[in-house]
Amino acid sequence: KAGVTQTPRYLIKTRGQQVTLSCSPISGHRSVSWYQQTPGQGLQFLFEYFSETQRNKGNFPGRFSGRQFSNSRSEMNVSTLELGDSALYLCASSPSNTGELFFGEGSRLTVL
Amino acid sequence: GENVEQHPSTLSVQEGDSAVIKCTYSDSASNYFPWYKQELGKRPQLIIDIRSNVGEKKDQRIAVTLNKTAKHFSLHITETQPEDSAVYFCAASIWETDKLIFGTGTRLQVFP
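Taken in order, these protein sequences are the chains called D and H.
For the working numbering, add 14 to where a residue sits in the first sequence, where the first one is 1.
For the working numbering, add 124 to where a residue sits in the second sequence, where the first one is 1.
Below, the structure is given as structure tokens:
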């Protein structure tokens, strides 16, 4: 089975721009969640989707949004980028409500 | 709010020694406690997990213990090897969801 695939792997944006990150879960996994990883804050939960519905949302501003499609693929969008949004964005999928997450390699975003 | 504290932040041991990492969680509703290992430049990977109806779980050289009353859980690695060197994250969640609250990580270095 292919693992969790995230695209793009690396990207550079400037302040004020927006970015869309994509995640393809492991085949058969219906739950997708997103995490932000930074050296200072560690791994922080962004959102969780199951069957196209957002089940949980972390404590991030409204500039961070996401969605899930009928094939379980997910995207997250960050608008009006700030320098502090520079981070590794990790997507994870799980079989269903098990809590066992399989992470992708991440999308490393640099905001200049 | 939900919080997971993790100690120590760094840990250096000699090959063959044991390593212990401790975590404390705040949300009494948490009932699933996974541990992830993240090697440099790689994705976090689940190494062991425990659910609240169990006090201890072992898998070869690693074990996890849980004290629900004190809201503590710990990772024990015996007979450490250089390949155990990585950052280890504890997390807590309600296992029906994929919203994990992570600790801040422990950088383990095993010296030959």
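Backbone N, C-alpha and C define an ideal beta-carbon position, used for all residues, glycine too.
If you're wondering where the values come from, they're calculated on a predicted model, not measured in any experiment.
Asked                                                                                                                                                                                  : Found
Using a Cβ-Cβ cut-off of 8 Å, state whether residue 69 (chain D) counts as contacting chain H.                                                                                         : yes
Which partner residues does residue 81 (chain D) have in the DSSP bridge list?                                                                                                         : D:89
Can you check which of these residues, H:193, H:156, H:236, is closest to residue 174 (chain H) by C-alpha distance?                                                                   : H:156
Taking the beta strand (DSSP E) that residue 131 (chain H) belongs to, which residues open and close that run?                                                                         : 128-131
Distance check for residue 203 (chain H) and residue 61 (chain D), CA to CA, integer angstroms please.                                                                                 : 38 Å
Assess, as a yes-or-no matter, whether the region 25-36 of chain D is touched by the region 80-90 of chain D under the definition of 3 or more beta carbon pairs within less than 8 Å. : yes
In its own chain, which residues sit with a C-beta less than 7 Å from the C-beta of residue 107 (chain D), not counting the 5 before and 5 after it?                                   : 18, 39, 40, 43, 45, 46, 116
For residue 179 (chain H), collect the residues of the same chain with a Cβ closer than 7 Å to its Cβ; drop the 5 residues on either side in sequence, then sort them by chain order.  : 189, 190
Under a three-way DSSP split, which group does residue 164 (chain H) fall into?                                                                                                        : coil
Listing by chain order, which chain H residues have their CB less than 7 Å from the CB of residue 108 (chain D)?                                                                       : 222
What are the start and end residues of the beta strand (DSSP E) that includes residue 203 (chain H)?                                                                                   : Unbroken run through residue 203 (chain H): none, as it is neither H nor E.
Give the list of continuous beta strand (DSSP E) stretches no shorter than 3 residues that lie fully inside the region 172-198 of chain H.                                             : 180-183, 186-191
Looking only at its own chain, which residues have a Cβ that is under 7 Å from the Cβ of residue 187 (chain H), when we skip the five neighbours before and after it?                  : 180, 181, 200
By the criterion of Cβ-Cβ separation under 7 Å, what are the contact partners of residue 120 (chain D) in chain H?                                                                     : 167
Using the rule of at least 16 other Cβ atoms within 10 Å of the residue's Cβ for burial, across every protein chain shown, is residue 167 (chain H) buried or exposed?                 : buried
Looking only at DSSP bridge pairs, what is residue 231 (chain H) linked to?                                                                                                            : H:134, H:211
Is the CB of residue 89 (chain D) under 8 Å away from at least one CB in chain H?                                                                                                      : no
At what residues does the beta strand (DSSP E) containing residue 34 (chain D) begin and finish?                                                                                       : 33-38
Tell me the DSSP secondary structure of residue 72 (chain D) in three-state form.                                                                                                      : coil
The region 168-179 of chain H: which residues have C-beta closer than 8 Å to a C-beta of chain D, in chain order?                                                                      : 168, 169, 170, 173
Report buried or exposed for residue 21 (chain D), applying the criterion of at least 16 other Cβ atoms within 10 angstroms of its Cβ.                                                 : exposed
Using CA coordinates, which residue listed in D:120, D:83, D:73 is at the minimum distance from residue 66 (chain D)?                                                                  : D:83
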